[in-house]
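Residues -24 to -1, 1 to 515 (mature numbering (1 follows the signal peptide of the UniProt record, and there is no 0)) make up the sequence shown, in order. Glycine included, C-beta positions come from ideal geometry on N, C-alpha and C. Please read these numbers as outputs of a predicted model, since none were measured by experiment.
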Amino acid sequence: MRGKGSPCSIYGILACLIVVLAKADNPYRFLTWTVTYGTISPLGVPQQGILINGQFPGPQLDVITNDNLDINVINKLDEPFLLTWNGIQQRKNSWMDGVLGTNCPIPPNGNFTYRFQPKDQIGTYFYFPTTLMHRAAGGFGGMTVFKRVVIPAPYPPLAGDHQALIGDWYKTNHKDLQKMLDMGRPLAFPDGILINGHANGAYFYADPGKTCFIRISNVGLQTTLNFRIQGHKLKLVEVEGSHTIQNVYDSIDVHVGQSYGVLVVADQPPKDYYVVASTRFTDRVLTSTAIFHYRNTNIPLSLPLPPAPTDVEWSINQARSIRWNLTTNAARPNPQGSFHYGLIKPMRRFVLANSAPLINGKLRYAVNEVSYISPETPLKLADWFNIAGVFDFNTFPSVPSGGFARLGTSVVASSLHDYVEIIFQNNENTIQTWHIDGFSFWVVGMGIGQWKSDSWRTYNLVDAVSRHTTQVYPNSWTAIYLSMDNQGMWNARSAMWARQYLGQQLYFRVFSSERSLAREYSIPHNTLLCGRARGMLIS
């Protein structure tokens, strides 16, 4: 007999259980994002910004690992547009990477639906536009991939979860910044620093005595920022999807494109405290503040601001102190990692050296003396449809050539599951930041000067952190180990966007001779076609 108010008969219990479980699992998320211009004034001067659903920064995207995301992006700008999902590995699915080497841009008044899954990932990420200099106008936002209920976290229950999007900002219109770069002029020094879209006054709320999670991402164009909270310690627990040994810091250097997750205990006298982000490795220091507010208090802020470190050595030592927590759970209910990276000998080595040459009388940025130019036909489409002449595997040297810089479309061939060592060699006097789509890699070593054949003796082959973006200090090197375990066409680039725009990037084509859905998804039916792929049939 059916009880009063019960929606299920005794004969429909199984069906009801299936419905309840489907709702509880919530495996699909359907979103529509409309991209428009709008007037914003983050530094007190009205300027043209890029909004998503009317928001600057864009909507916070909170999902659970293994959710299936369906995000329809409608472009109402007057220029083509793309979004990428910084650090989301897009397993077997470079079709949704959102960069010009894999996707045709969304034309004005057009749309494209990104369909992807943050497979077996948790942690702090962000999204941003990859077309032209759109990143200088907005279009970015935070993305958090939360754990499933069955996965324990390596920290106690939290009283809050906050996103801190920090980055440098210009008052100049993004189209004018692009014109400067096209003329061969470098970007000037930024005009200010933003925290969650504000120069000053963003709020982070705290419950006295409780612990909150703050997810810090540097979404700026070119400047390393130091993040700190007046009177409070930062306990690092996560870096770009990897749980870390829980070191405690007074402040953290966050380089362009990087994300960190910290725990902050509201254990000070209840009042307002300054949250500070300030530039590092710059002759002039820019500073922005927000407010760490204890609830149910009205005691205002008081100076002084907490100081930032001033030397490079401090930052290098902090970077080396960040270690992977090998005993805690990852996005799946097993310790992080299915094999130990330090027990495998790399089969290939690349030395990637950045430079800032003049080519045809104009400033460009290059890798191994090749400055990347995007072909009209995306590399991924050319590869899939066997369109000849778009790229050539033999044009990019795996070590610096020492010759004159030139323009080219750099694509490196790699077999699926190749295990490689990459040395990022920085011979310039400015800090660099590198990102690789589609993978996480192990940052095994850093050093001053030139990398040498015996530098591997200083590598951390035990608990180096796994991440997708790494810094390279001035006149220094950084070494990573990378398993090419994700078939597709993947972008390796400077995270400093002017350098990426003017050529400091390349692509890895990770390939196997077997075309199988177990290795890589087929071309989606909604793929935009352009260049020489226009009119091709998608079967």
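Can you tell me whether residue i is buried or exposed, with buried defined as 16 or more other CB within 10 angstroms of its CB?
{"i": "Asn467", "result": "buried"}
{"i": "His231", "result": "buried"}
{"i": "Pro133", "result": "exposed"}
{"i": "Gly118", "result": "buried"}
{"i": "Ala164", "result": "exposed"}
{"i": "Val396", "result": "buried"}
{"i": "Glu289", "result": "exposed"}
{"i": "Met465", "result": "buried"}
{"i": "Asp287", "result": "exposed"}
{"i": "Asp413", "result": "buried"}
{"i": "Met109", "result": "buried"}
{"i": "Gly(-20)", "result": "A caution first: Gly(-20) carries a pLDDT of 36, below 50, which makes its placement in the model too unreliable to give a value."}
{"i": "Gln24", "result": "exposed"}
{"i": "Glu214", "result": "buried"}
{"i": "Ser218", "result": "buried"}
{"i": "Leu197", "result": "buried"}
{"i": "Glu490", "result": "exposed"}
{"i": "Tyr(-14)", "result": "Unreliable positioning characterises Tyr(-14) in this predicted model, as indicated by a pLDDT of 31, which lies under 50. The coordinate reading is nonetheless provided below. It counts as exposed."}
{"i": "Thr15", "result": "exposed"}
{"i": "Asn79", "result": "buried"}
{"i": "Val126", "result": "exposed"}
{"i": "Asn336", "result": "exposed"}
{"i": "Ala455", "result": "buried"}
{"i": "Gly233", "result": "buried"}
{"i": "Met72", "result": "buried"}
{"i": "Asp152", "result": "exposed"}
{"i": "Val121", "result": "buried"}
Nearest CA to the CA of residue i: which residue from the options?
{"i": "Tyr483", "options": "Asn403, Tyr435, Val343, Gln154", "result": "Val343"}
{"i": "Thr371", "options": "Ile363, Tyr348, Asn362", "result": "Tyr348"}
{"i": "Val366", "options": "Asp46, Gly77, Asn42", "result": "Gly77"}
{"i": "Ser429", "options": "Asn301, Phe326, Leu7", "result": "Phe326"}
{"i": "Met472", "options": "Asn274, Asn194, Ile16, Phe369", "result": "Asn194"}
{"i": "Lys338", "options": "Val420, Met159, Asn301", "result": "Met159"}
{"i": "Lys147", "options": "Pro22, Thr89, Ile192", "result": "Pro22"}
{"i": "Val346", "options": "Val388, Trp427, Pro3", "result": "Val388"}
{"i": "Asp248", "options": "Gln222, Tyr225, Pro333, His208", "result": "His208"}
{"i": "residue 516", "options": "Ile320, Gln408, Asp167", "result": "Lying before the first or after the last residue shown, residue 516 is absent from the chain, which here runs from -24 to 515."}
{"i": "Arg5", "options": "Gly63, Glu55, Pro94, Val75", "result": "Pro94"}
{"i": "Gly63", "options": "Asn451, Thr503, Tyr435, Thr445", "result": "Thr445"}
Note down, in chain order, each residue of its chain lying with its Cβ closer than 8 Å to the Cβ of residue i, except the 5 sequence neighbours on either side.
{"i": "Arg495", "result": "Lys68, Leu392, Gln463, Ser488"}
{"i": "Pro351", "result": "Ala358, Val366, Phe367, Thr385, Gly507"}
{"i": "Ile228", "result": "Ile192, Asn202, Phe203, Arg204, Leu210, Leu212, Tyr236, Val238, Gln294"}
{"i": "Glu55", "result": "Pro84, Thr107, Leu108, His110"}
Give me, in chain order, the residues of the same chain whose beta-carbon lies closer than 6 Å to that of residue i; leave out the 5 immediate sequence neighbours on both sides.
{"i": "Lys(-2)", "result": "With a pLDDT of 42 at Lys(-2), under the threshold of 50, the modelled position of this residue cannot be trusted, and the question is left open."}
{"i": "Leu(-4)", "result": "In this predicted model, Leu(-4) has a pLDDT of only 35, less than 50, meaning its place in the structure is not dependable enough to derive any value."}
{"i": "Ala253", "result": "Ile142, Ile169, Ile171, Leu201, Phe203, Ser264"}
{"i": "Pro376", "result": "Ala329, Asn344"}
{"i": "Tyr179", "result": "Ile267, His269"}
{"i": "Ser291", "result": "Asp229"}
{"i": "Leu37", "result": "Met119"}
{"i": "Gly114", "result": "Gly25, Ile26, Phe32"}
{"i": "Thr8", "result": "Asn48"}
{"i": "Arg485", "result": "Val387, Ala389, Met465"}
{"i": "Gln244", "result": "Gly207"}
{"i": "Ser470", "result": "Gln476, Gln480"}
{"i": "Ser331", "result": "Ala342"}
Who pairs with residue i in a beta bridge, going by DSSP?
{"i": "Pro105", "result": "Leu59"}
{"i": "Ser442", "result": "Trp418"}
{"i": "Tyr470", "result": "Checking the displayed sequence, the identity of residue 470 turns out to be Ser instead of Tyr. DSSP lists Trp410 as partners of Ser470."}
{"i": "Val252", "result": "Arg204, Thr265"}
{"i": "Arg325", "result": "Glu397"}
{"i": "Lys151", "result": "Looking at the DSSP assignment, Lys151 forms no beta bridge with any residue, so it has no partner."}
{"i": "Trp9", "result": "Val49"}
{"i": "Val241", "result": "Thr187"}
{"i": "Lys338", "result": "Ile335"}
{"i": "residue 518", "result": "It is not possible to answer for residue 518, since the shown part of the chain is limited to -24 through 515."}
{"i": "Gln24", "result": "Thr15"}
Excluding five sequence neighbours on each side, which residues of the same chain lie with their C-beta closer than 7 Å to the C-beta of residue i?
{"i": "Pro18", "result": "Trp145, Leu170, Gly173, His174, Ala175"}
{"i": "Pro128", "result": "Asn305"}
{"i": "Ala135", "result": "Asp183, Lys186, Thr187, Cys188"}
{"i": "His150", "result": "Met109, His110, Ala112, Ala113"}
{"i": "Pro81", "result": "Pro56, Phe57, Leu58, Thr107"}
Examine the ligand GTP and report whether any of its heavy atoms sits within less than 7 Å of the Cβ of residue i.
{"i": "Ile407", "result": "The ligand GTP is not among the ligands present in this structure, which contains no ligands whatsoever."}
Looking at the C-beta of residue i, does it have a partner C-beta in chain D at a distance below 8 Å?
{"i": "Ser278", "result": "Among the chains in the structure shown there is no chain D, since it carries only a single protein chain."}
Return the chain-ordered ranges of every beta strand (DSSP E) run that is complete within the segment 29 to 73 and spans a minimum of 3 residues.
Taking only runs of at least 3 residues, the beta strand (DSSP E) segments lying wholly in the segment 29 to 73 are 37 to 40, 44 to 51, 59 to 62.
Could you give the uninterrupted runs of the beta strand (DSSP E) lying entirely in the segment 74 to 140, keeping only those of 3 residues or more?
Under the rule that a run must span 3 or more residues, the beta strand (DSSP E) segments found entirely inside the segment 74 to 140 read 87 to 92, 99 to 105, 117 to 122.
At what residue ranges does the segment 166 to 227 contain a whole run of the beta strand (DSSP E), taking only runs of 3 or more?
Segments of the beta strand (DSSP E) lying fully in the segment 166 to 227: 168 to 171, 176 to 182, 187 to 194, 201 to 205, 210 to 215.
What are the start and end residues of each continuous beta strand (DSSP E) run of 3 or more residues lying completely inside the segment 444 to 506, in chain order?
Runs found: 445 to 448, 452 to 460, 464 to 470, 481 to 487.
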